[in-house]
Every structure is written in C-alpha cells, then in structure tokens.
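> Quick mapping for you: the protein sequence lines, in order, are chains A and B.
Okay, so the first sequence: first residue is 60 according to the working numbering, each after it adds one.
Okay, so the second sequence: first residue is 60 according to the working numbering, each after it adds one.
Idealized CB from N, CA, C, for every residue including glycine.
2 protein chains.
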Amino acid sequence: MASKRATLADVARLAGTSPTTASLILNGKPDTRFSADAHRRVHDAVAQLGYRPNMGARALRTDRSLTIGFISDVVATTRFASGLIRGALEEAEKAGHVMLVLETGGDPARQDEAVGAVLDRQVDGIVFATMRARELVMPSLPESTRVVMLNATSPQFGLSVLPDEESGGRSAVDLLAAAGHTEGIALIGQNDEVEDDLFRSATVARRVHGLRSEVKALGLSLLTEESCWEWEPENGYRLTAELLDRRPDVTSLLCMNDRLAFGAYQACQERGLTVGRDISIVSFDNDELAAYLRPGLTTIGLPHEAMGHQAVQLLLSEAAPGERLIEMPVVERSSISVGDTESSTALLARERLDARRKHARDTIPTP
Amino acid sequence: MASKRATLADVARLAGTSPTTASLILNGKPDTRFSADAHRRVHDAVAQLGYRPNMGARALRTDRSLTIGFISDVVATTRFASGLIRGALEEAEKAGHVMLVLETGGDPARQDEAVGAVLDRQVDGIVFATMRARELVMPSLPESTRVVMLNATSPQFGLSVLPDEESGGRSAVDLLAAAGHTEGIALIGQNDEVEDDLFRSATVARRVHGLRSEVKALGLSLLTEESCWEWEPENGYRLTAELLDRRPDVTSLLCMNDRLAFGAYQACQERGLTVGRDISIVSFDNDELAAYLRPGLTTIGLPHEAMGHQAVQLLLSEAAPGERLIEMPVVERSSISVGDTESSTALLARERLDARRKHARDTIPTP
DNA sequence: TCAATATGGTAAAAGCATTTACCTACATTG
DNA sequence: CAATGTAGGTAAATGCTTTTACCATATTGA
Numbered sequence: 060m061a062s063k064r065a066t067l068a069d070v071a072r073l074a075g076t077s078p079t080t081a082s083l084i085l086n087g088k089p090d091t092r093f094s095a096d097a098h099r100r101v102h103d104a105v106a107q108l109g110y111r112p113n114m115g116a117r118a119l120r121t122d123r124s125l126t127i128g129f130i131s132d133v134v135a136t137t138r139f140a141s142g143l144i145r146g147a148l149e150e151a152e153k154a155g156h157v158m159l160v161l162e163t164g165g166d167p168a169r170q171d172e173a174v175g176a177v178l179d180r181q182v183d184g185i186v187f188a189t190m191r192a193r194e195l196v197m198p199s200l201p202e203s204t205r206v207v208m209l210n211a212t213s214p215q216f217g218l219s220v221l222p223d224e225e226s227g228g229r230s231a232v233d234l235l236a237a238a239g240h241t242e243g244i245a246l247i248g249q250n251d252e253v254e255d256d257l258f259r260s261a262t263v264a265r266r267v268h269g270l271r272s273e274v275k276a277l278g279l280s281l282l283t284e285e286s287c288w289e290w291e292p293e294n295g296y297r298l299t300a301e302l303l304d305r306r307p308d309v310t311s312l313l314c315m316n317d318r319l320a321f322g323a324y325q326a327c328q329e330r331g332l333t334v335g336r337d338i339s340i341v342s343f344d345n346d347e348l349a350a351y352l353r354p355g356l357t358t359i360g361l362p363h364e365a366m367g368h369q370a371v372q373l374l375l376s377e378a379a380p381g382e383r384l385i386e387m388p389v390v391e392r393s394s395i396s397v398g399d400t401e402s403s404t405a406l407l408a409r410e411r412l413d414a415r416r417k418h419a420r421d422t423i424p425t426p
Numbered sequence: 060m061a062s063k064r065a066t067l068a069d070v071a072r073l074a075g076t077s078p079t080t081a082s083l084i085l086n087g088k089p090d091t092r093f094s095a096d097a098h099r100r101v102h103d104a105v106a107q108l109g110y111r112p113n114m115g116a117r118a119l120r121t122d123r124s125l126t127i128g129f130i131s132d133v134v135a136t137t138r139f140a141s142g143l144i145r146g147a148l149e150e151a152e153k154a155g156h157v158m159l160v161l162e163t164g165g166d167p168a169r170q171d172e173a174v175g176a177v178l179d180r181q182v183d184g185i186v187f188a189t190m191r192a193r194e195l196v197m198p199s200l201p202e203s204t205r206v207v208m209l210n211a212t213s214p215q216f217g218l219s220v221l222p223d224e225e226s227g228g229r230s231a232v233d234l235l236a237a238a239g240h241t242e243g244i245a246l247i248g249q250n251d252e253v254e255d256d257l258f259r260s261a262t263v264a265r266r267v268h269g270l271r272s273e274v275k276a277l278g279l280s281l282l283t284e285e286s287c288w289e290w291e292p293e294n295g296y297r298l299t300a301e302l303l304d305r306r307p308d309v310t311s312l313l314c315m316n317d318r319l320a321f322g323a324y325q326a327c328q329e330r331g332l333t334v335g336r337d338i339s340i341v342s343f344d345n346d347e348l349a350a351y352l353r354p355g356l357t358t359i360g361l362p363h364e365a366m367g368h369q370a371v372q373l374l375l376s377e378a379a380p381g382e383r384l385i386e387m388p389v390v391e392r393s394s395i396s397v398g399d400t401e402s403s404t405a406l407l408a409r410e411r412l413d414a415r416r417k418h419a420r421d422t423i424p425t426p
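#1: How is A:Thr425 classed by DSSP in three states: helix, strand or coil?
#2: Hey, would you say A:Ala245 sits closer than 8 Å to A:Ser396, going by beta carbons?
#3: In the structure shown, what three-state DSSP assignment does A:Arg392 receive?
#4: Which residue spans inside the region 261-319 of chain B form an unbroken alpha helix (DSSP H) run of at least 4?
#5: Taking C-alpha atoms, which residue in A:Ala231, A:Phe216, A:Ile247 lies nearest to A:Arg411?
#6: To the nearest angstrom, how far is it from the Cα of B:Ala300 to the Cα of B:Ser394?
#7: Under 8 Å between the Cβ atoms of B:Ser342 and B:Leu319?
#8: Would you mind telling me which residues of chain A sit closer than 8 Å to B:Leu118, beta carbon to beta carbon, in chain order?
#9: Mind checking if A:Ser396 is an interface residue toward chain B, Cβ cutoff 8 Å exclusive?
#10: Within the 8 Å Cβ cut-off, does A:Val134 reach chain B?
#11: If B:Val390 and B:Thr357 are in contact, beta carbons under 8 Å, what's the gap, nearest whole angstrom?
#12: A:Thr79 by DSSP, collapsed to three states: which one?
#13: Go through its chain and collect everything with a Cβ distance to B:Leu195's Cβ below 7 Å, but skip five positions before and after it.
#14: Determine the contact status of A:Ala95 and A:Val371, defining contact as a CB-CB distance below 8 Å.
#15: Under a three-way DSSP split, which group does B:Ala245 fall into?
#16: Kindly indicate which three-state DSSP category A:Asp344 falls into: helix, strand or coil?
#17: Quick check: the Cα distance between B:Tyr296 and B:Glu386, rounded to an integer number of angstroms?
#18: Considering only DSSP beta bridges, list what A:Pro222 is partnered with.
#19: Of the choices A:Gly248, A:Leu277, A:Gly331, A:Leu218, whose alpha-carbon is the least far from that of A:Ala264?
#20: Which class does B:Leu427 belong to by DSSP, given the choice of helix, strand or coil?
#21: What did DSSP end up calling A:Phe321 once you bin it into helix, strand or coil?
#22: Just list the residues that DSSP pairs A:Glu194 with in beta bridges.
#23: Using 8 Å as the threshold, is the C-beta distance between A:Val160 and A:Met366 below it?
#24: When you compare only the Cα positions, how much space is there between A:Arg266 and A:Asp251?
#25: List the endpoints of the continuous beta strand (DSSP E) containing B:Ala188.
#26: Check the C-beta distance from A:Thr126 over to A:Asp166 and give it rounded, since I have them as a contact under 8 Å.
#27: In this structure, does DSSP put A:Gly128 in helix, strand or coil?
#28: With A:Arg180 and A:Ser124 assumed to form a contact (beta carbons below 8 Å), what rounded beta-carbon distance in angstroms separates them?
#29: If we cut at 8 Å on Cβ distances, does A:Gly175 have a partner in chain B?
#30: Rounded to whole angstroms, how far is the Cβ of B:Leu279 from the Cβ of B:Ala236, which I believe are closer than 8 Å?
#31: When the distance is taken between beta carbons, is B:Leu277 closer than 8 Å to B:Thr404?
#32: At a Cβ threshold of 8 Å, is B:Leu277 touching chain A?
#33: Is the CB-CB distance between A:Glu150 and A:His368 below 8 Å?
#34: For A:Tyr110, go through chain B and note every residue whose CB falls closer than 7 Å to its CB, in chain order.
#35: What residue range is occupied by the uninterrupted beta strand (DSSP E) comprising A:Glu430?
#36: Please check if any C-beta of chain B sits within less than 8 Å of the C-beta of A:Met158.
Have a look at this one:
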C-alpha cells in the first residue's frame with residue numbers, strides 16, 4: 060500500500076487545499092492565518108498518508124538540512140573517542156538533527172574529501188573532532204559554514220571545546236590532600252621535554268601545570284617526579300618498582316593516566332603493598348580499566364560525553380568564538396587510603412575541591 | 060570570492076553550453092556523445108569553479124543519495140561497538156558513500172524516529188546494528204529499502220552479518236590442543252540455562268556448541284565446566300580460585316570472555332601459578348584488556364571491523380538474503396604454555412586450525 | 001536529387017517543498 | 001458610494017540536477 064512516499068501535493072489534494080496552504084499550515088508559526096477547518100483537514104491528511112517532508116527538497120529551498128557533519132581523525136582506534144560521538148549524537152537528536160559521521164585518519168586528503176562530502180549534503184554545521192593532533196589545519200570553507208573544534212583547536216576556527224585539564228590536575232592533588240596525604244606524593248609519568256606530538260604536549264602541559272600549582276597552593280611539595288615517555292603499563296610498573304625500592308617514604312602516587320596506574324598496581328602488589336590501604340593511587344582518564352582493578356582506581360575522568368554534547372550545542376547556537384573548558388569529573392573508587400582528614404590542609408583541599416565541583420555544575424548546562 | 064557555491068548552471072554558462080550538455084558530459088558513460096572540445100570546456104569550468112553537485116538536488120531526481128543510514132542500539136556504551144562503525148565507515152567511504160549514524164538505545168520509539176529520519180534523507184539503504192538484542196523487531200519499511208542486520212537477525216529482513224561463534228569456539232579448543240594440552244581443560248563461565256537475554260543466549264549457545272564439538276572431534280573431554288551468569292572479573296576470580304583449590308589437575312582454562320580471564324589471572328597469580336607456564340588460558344573477545352595483561356592473553360577476537368565492512372558491502376550490492384558468518388580471528392599472545400606439540404592430537408588440532416584460517420581467508424573478501 | 005542517418009547539441013519537464021506576490025469576497029469606515 | 005481592510009486562500013517562482021524528447025546541420029547512400 061505505501062508503495063510510494065506521500066508528497067506535500069498528495070496531502071494538499073487529500074485535504075482539498077493548495078500545496079501552498081498545506082505547507083503554510085504545517086510550517087507557519089502564526090496559526091491563525093488559515094481557518095480552523097483547513098488546519099484540521101491538512102493535519103488529518105498528513106496523519107492518514109503518513110506524510111513526512113523530503114529533507115533534500117526542503118534543504119534545496121531553505122538551506123537548512125537538519126543534518127550536521129561530524130568529522131574526526133579517529134573515532135574507534137582510540138578507546139575514548141566514542142564518548143565524543145555519543146554525546147554529540149544525543150545532543151543532535153535532542154535538537155532534531157541527524158549526524159553524518161566521517162573519519163579521516165588524520166590524512167589531509169581524506170579530510171578535504173570529507174569536508175567536501177558533507178558540504179555537498181548541505182550540512183548545517185561541522186564538528187571537527189580529534190584524538191591526536193591538537194592544532195588542526197583545515198581546508199578553507201565557505202564563510203557561512205558554522206564550525207566547532209572538538210578536543211582540538213585551530214587557527215582558523217575560533218570555537219573549541221576542550222577538557223579542563225588544569226582543573227583536573229588540581230582535583231587529583233586535592234583528592235589526595237583531602238584524604239590526609241600531604242607528603243610522600245610522587246608524580247609518575249609527567250614529561251616536560253618538548254614533544255612533537257602536539258596533542259599530548261598541550262594536554263600534558265595543562266594537566267601538569269594544574270597539579271603543580273595546586274600542590275603549591277596547598278603549601279605542599281612533591282616528593283619526586285618520575286618521568287617517562289610512553290604512558291603504558293610497563294612504564295608504570297618499572298617506574299613504580301624502582302621508586303618503591305628507592306624511597307620507602309612514598310605514600311601516594313599521582314599517575315598521569317590509568318594505564319600507568321595499572322602498572323603501578325602490579326608493582327605495589329608484588330611488594331606486598333595493598334593499594335588503598337598501604338599506598339594511595341590517583342590517576343587520569345577513567346579508562347575502562349579503572350573499574351576492573353581491585354581495588355577500584357580513583358581517577359580524574361576525561362569528560363568526552365559532555366564535550367560532545369557541548370560541541371553540538373554550540374554549533375547549533377549562535378555562540379561566540381572562544382575556548383570552552385569542560386570540567387573533568389572526579390570518579391572516586393577505592394585506591395586512596397584515608398588518613399587524617401581533619402588537618403587544616405585536608406580541610407582546605409576539600410573545600411577547593413567542592414568549590415570546583417560546584418562551579419562545574421553551574422557552568423556546564425549539559426545534564 | 061567563493062561566496063556562493065557554484066551550480067551546474069554556472070558551469071554551463073562558463074563553458075558556453077547548456078546545463079543539459081554539462082550534466083551529460085559530467086555523468087554520461089559514453090564519452091563520445093559530445094565533441095572533445097565541449098568536454099574540455101566543461102571540465103575546465105568545473106575545475107575553475109570548484110563545482111560539486113548538490114546531493115540533495117541530485118537525490119531528488121535520481122533517488123540515490125550516496126548516503127547510508129547506520130542505526131544501532133548502542134555504539135559507545137559497549138566497548139566493542141565502535142569496531143562495527145569503523146568497518147562500516149571505511150567500506151562506505153570506499154564506495155563513495157557517507158554514513159548517517161543514529162543511536163536508539165534499543166527504545167522502539169526512538170528506533171521508529173531514527174528510521175523516519177534516515178528515510179527522510181533518502182538513504183540508499185540501512186544497516187541495523189546491535190550489541191544487545193539478537194532478534195530485532197523493526198518498523199515496517201517501504202518495500203524498496205535495502206536493509207542489512209549487523210550483529211543481529213530479524214524475522215523481517217533476511218540479510219544479516221554475524222560472527223562465526225561456532226568456528227571461534229572450535230579454534231579456542233584447537234589452540235589448546237595444538238599446544239599439547241589434551242587433558243585438564245576447564246571451561247569457565249558457560250551457562251546453559253535459558254536466558255531472557257536473547258543476544259547472549261544465541262551467541263553463547265553457538266560458542267559453547269563449537270567448543271564442545273571440537274573437544275569431541277579431537278577425541279578429548281573437558282575436565283569440568285564452571286558456569287556463572289555475569290561475565291565479570293569477580294566471577295572469573297571466584298570460579299578459578301575455587302576450581303584451583305578443588306582440582307589440582309587442571310592445566311588449562313577456557314574462559315568465555317576476556318573479563319573472566321582477567322579474574323582468572325588474579326586467582327592464578329595469588330596461588331603462585333604463572334600463566335603461560337604453569338597454566339594456560341585462552342578466552343574470547345579480544346578486549347582491550349587482553350593486551351595489557353602480563354603475559355598477554357591469547358584470545359579469539361570478535362571480528363567487528365570485518366563485520367562492519369561486510370555489512371556495507373552487502374548493503375550496496377545486490378546480495379541475496381542469508382546469514383553471513385565472519386570468521387573470528389585468533390590472536391595469539393603468551394597465555395598458553397607449550398607442551399607436547401608432536402602428539403597426534405596436537406597435529407590434528409593444528410591442521411584443523413589452519414584449515415579454518417585458510418577457509419576464512421578465501422571466504423571473506425574484506426582486507 | 002531525395003531520403004536516411006549521424007553528429008552535436010538544447011528546451012523543458014520532473015522531482016519536492018517553500019515563499020513571494022497576488023487574488024477574491026466580504027465587511028467596515030468616512 | 002468609494003475607499004480601505006481583512007480573512008482565507010492560491011499561482012507561480014525558486015532552489016539544483018537529471019533526463020526525455022526534440023532540433024538543426026551535414027553527410028552518406030541510392
């Protein structure tokens with residue numbers, strides 16, 4: 060029966076009106092323009108035929124397609140990226156939009172192709188997401204195209220959404236201090252060297268800067284900083300093992316990411332130290348891994364989903380250029396032992412932590 | 060300068076031809092239809108203006124949008140699903156298509172909306188992907204809409220792409236047997252009970268069936284089957300710990316997934332058993348986790364990426380209905396100790412394993 | 001020389017929704 | 001009575017591409 064899709068002309072015919080009238084009734088804001096009867100007839104016809112407008116035809120006329128382009132370098136290769144997509148997808152759906160997802164692998168040629176492909180489909184805007192490069196050089200676009208950079212910045216497009224790494228760094232320190240760990244804190248995995256990996260150097264710099272300034276703000280100091288290049292379990296293991304053997308006075312580990320922490324767990328266990336009791340660990344990313352570890356790893360999460368939401372929201376609003384920083388959630392599990400939580404430093408740390416959380420709640424409107 | 064997008068009319072004007080001619084030259088197969096000079100002029104104009112056809116307008120006329128819809132219940136929630144997307148994305152790009160990705164969370168209302176939304180955009184076909192339900196009830200679609208089910212089946216749509224779970228089960232057993240483990244093999248995590256989770260019961264049944272029949276085919280038998288409901292590390296740990304204490308003669312563990320194996324590792328380590336030397340473990344899924352473990356976990360991977368490729372390929376071809384089973388890759392790491400690899404059983408197992416691999420290579424054309 | 005057939009092209013319709021400019025019939029106002 | 005409004009509605013243009021049907025002109029064959 061539904062052999063052919065109904066068109067507006069069909070609706071008009073069935074309702075006994077002109078297509079103009081039908082269109083005006085279906086799209087016009089001032090409902091008073093036509094008689095109540097005409098309204099009824101048109102809506103009945105729509106329901107009866109199951110009419111839905113053809114978006115291609117509409118876009119042709121209105122230049123709005125209710126479609127947005129999401130172009131990323133890698134979505135699936137990196138285990139986190141899907142959070143960005145999911146957030147964006149949800150927000151798009153909420154706004155009645157649909158999302159064209161393309162991947163470029165970071166290759167400029169494919170990137171150009173991707174931009175062309177979405178432009179050919181008259182998207183209402185483009186989100187450029189990345190997990191690798193920080194500064195993205197983009198093909199030039201028509202003036203009117205709305206663009207937001209997601210987890211990236213670009214010299215050409217001013218609007219970007221990033222995790223608030225500095226604030227995250229601060230939170231990690233506060234977490235330790237609030238639990239009473241005011242000395243014997245080691246930083247594992249930081250790396251101050253100039254890197255050619257722009258992405259990492261930018262995020263690392265902010266994260267480390269946050270850590271260090273919070274340490275200072277609380278009047279503390281780090282016992283040691285153990286640096287390494289690859290943030291993989293091996294290095295976490297090695298660094299921690301060496302450190303533990305060298306400095307028996309270490310009480311807490313700040314790991315730059317969860318994989319390093321994973322290695323650190325192993326080193327601790329081997330030495331008979333129970334994490335969350337004899338030694339405290341806090342790290343970054345909230346990798347899937349973090350939930351599997353025993354005891355659960357307390358970590359400062361990357362707010363990918365919230366970032367995705369925010370990006371699409373900004374894309375569809377008339378937002379002004381600028382960097383939008385999204386608070387990194389602290390996810391507390393059981394890798395921090397509790398000591399003297401009543402010291403003035405602990406109190407101060409908790410206060411600062413809470414203030415930051417509150418600020419985040421007030422700032423990002425995304426649920 | 061490029062203030063407005065060039066249209067075909069612009070091209071025609073610049074080339075000094077009619078739009079008809081320009082269109083025919085750009086799309087027509089028989090290149091001889093027009094003069095060489097006309098060809099040149101049109102192509103020059105295209106290059107000069109950077110003309111690209113407006114897909115909406117084209118789709119209006121031709122009913123082909125070079126766009127496909129990818130509708131899934133959950134892409135990001137499950138850590139694997141992104142492989143499906145990536146595979147599909149790559150294949151789509153290869154075919155000059157672009158992909159609209161929507162997520163429904165499994166909610167029928169959202170599912171209907173999603174179908175409507177992609178149909179409104181005149182997609183050339185729809186891939187329904189799922190990580191949860193196995194049998195999917197879909198809204199009714201126009202006859203002509205091409206559909207393929209990805210990691211799912213449906214009473215309404217005949218074409219589906221699934222992992223070859225049975226073959227994967229066989230491979231796991233062969234892997235152990237080929238390394239000389241012909242007795243003392245325990246199965247961890249299987250569950251024969253009737254489940255209301257259709258998805259799991261279908262895949263588990265095939266996987267287990269494969270395991271058991273391969274055991275039989277090699278003339279072996281399982282030492283024990285330890286069943287549990289949730290395939291989480293806790294259970295892997297508990298089941299293995301109990302088993303180890305009860306049966307000192309266990310030499311190998313077949314875990315139903317990598318998370319169970321993760322728990323099993325811990326239990327073994329606690330008892331002073333070195334995985335890959337004192338005890339062998341093989342499991343399923345090739346979770347991210349599997350690479351982090353020390354020693355690396357040998358596992359039978361879910362071929363999500365290949366499945367995504369295949370799905371889109373089938374969607375865009377005139378493929379006949381049926382179930383397409385994609386071979387599960389065996390990814391060998393170091394969790395299996397090597398024993399007597401020269402026994403006739405070991406030889407037989409290796410032979411069967413190789414035959415299956417070869418078959419897979421010949422069968423799935425996807426790189 | 002007439003008819004047939006290439007050769008190289010074009011006008012116009014179709015596909016669908018939106019929107020501008022206009023129209024009719026009636027009522028009101030001065 | 002003429003002028004003005006207003007309520008309720010429509011014809012036709014527009015956005016862009018593809019495609020059908022048709023047109024000249026020149027060449028060839030008989």
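For this structure:
#1: Note on A:Thr425: pLDDT 46, under 50, position unreliable in the model; the coordinate value appears next. Coil.
#2: Cβ atoms of A:Ala245 and A:Ser396: not closer than 8 Å.
#3: Note: A:Arg392 maps to coil in three-state DSSP.
#4: DSSP runs (the alpha helix (DSSP H)) wholly in the region 261-319 of chain B: 292-305.
#5: The shortest C-alpha separation from A:Arg411 is found at A:Ala231.
#6: Spanning the two alpha carbons is a distance of roughly 18 Å.
#7: Yes, the pair counts as a contact, with Cβ atoms nearer than the cut-off.
#8: Checking the sequence shown, residue 118 of chain B turns out to be Ala, not Leu. Under a criterion of Cβ atoms nearer than 8 Å, the residues of chain A adjacent to B:Ala118 are, in order, Gly115.
#9: Cβ-Cβ to chain B under 8 Å: no for A:Ser396.
#10: Closer than 8 Å: yes.
#11: Right, the Cβ-Cβ distance comes to about 7 Å (below 8 Å), so this counts as a contact.
#12: A:Thr79: helix per DSSP, three-state reduction.
#13: In chain order, Phe187, Thr189, Met208, Ala211, Ser213 place their CB closer than 7 Å to the CB of B:Leu195, counting only its own chain and leaving out the 5 sequence neighbours on each side.
#14: Not in contact: A:Ala95 and A:Val371 (Cβ atoms no closer than 8 Å).
#15: Of the three classes helix, strand and coil, the one that applies to B:Ala245 here is strand, per DSSP.
#16: DSSP places A:Asp344 in strand when its eight states are reduced to three.
#17: Here the C-alpha atom of B:Tyr296 lies approximately 29 Å from the C-alpha atom of B:Glu386.
#18: A:Pro222 pairs with A:Ile385.
#19: The candidate whose alpha carbon is nearest that of A:Ala264 is A:Gly248.
#20: One cannot answer for residue 427 of chain B here, as it falls past the ends of chain B, which runs 60 to 426.
#21: DSSP, read as helix, strand or coil, puts A:Phe321 in helix.
#22: According to DSSP, A:Glu194 bridges with A:Thr212.
#23: Contact flag unset, no.
#24: Each residue's Cα considered, the two are about 11 Å apart.
#25: Unbroken beta strand (DSSP E) run through B:Ala188: 185-188.
#26: The pair is not a contact, with the Cβ atoms about 24 Å apart (cut-off 8 Å).
#27: Residue state, collapsed to three classes: strand.
#28: Rounded to the nearest angstrom, the Cβ distance from A:Arg180 to A:Ser124 is 7 Å, consistent with a contact under 8 Å.
#29: So, interface residue.
#30: Contact flag correct, Cβ pair sits at about 7 Å.
#31: Yes, the pair counts as a contact, with Cβ atoms nearer than the cut-off.
#32: Not a single C-beta of chain A is nearer than 8 Å to the C-beta of B:Leu277.
#33: Note that the C-beta distance between A:Glu150 and A:His368 is below 8 Å.
#34: Close partners of A:Tyr110 in chain B (Cβ separation under 7 Å) are lacking, with about 11 Å as the shortest Cβ gap.
#35: Summary: the structure shown does not reach residue 430 of chain A, with chain A confined to residues 60 through 426, and so no result is reported for it.
#36: With 8 Å as the cut-off, A:Met158 counts as an interface residue toward chain B.
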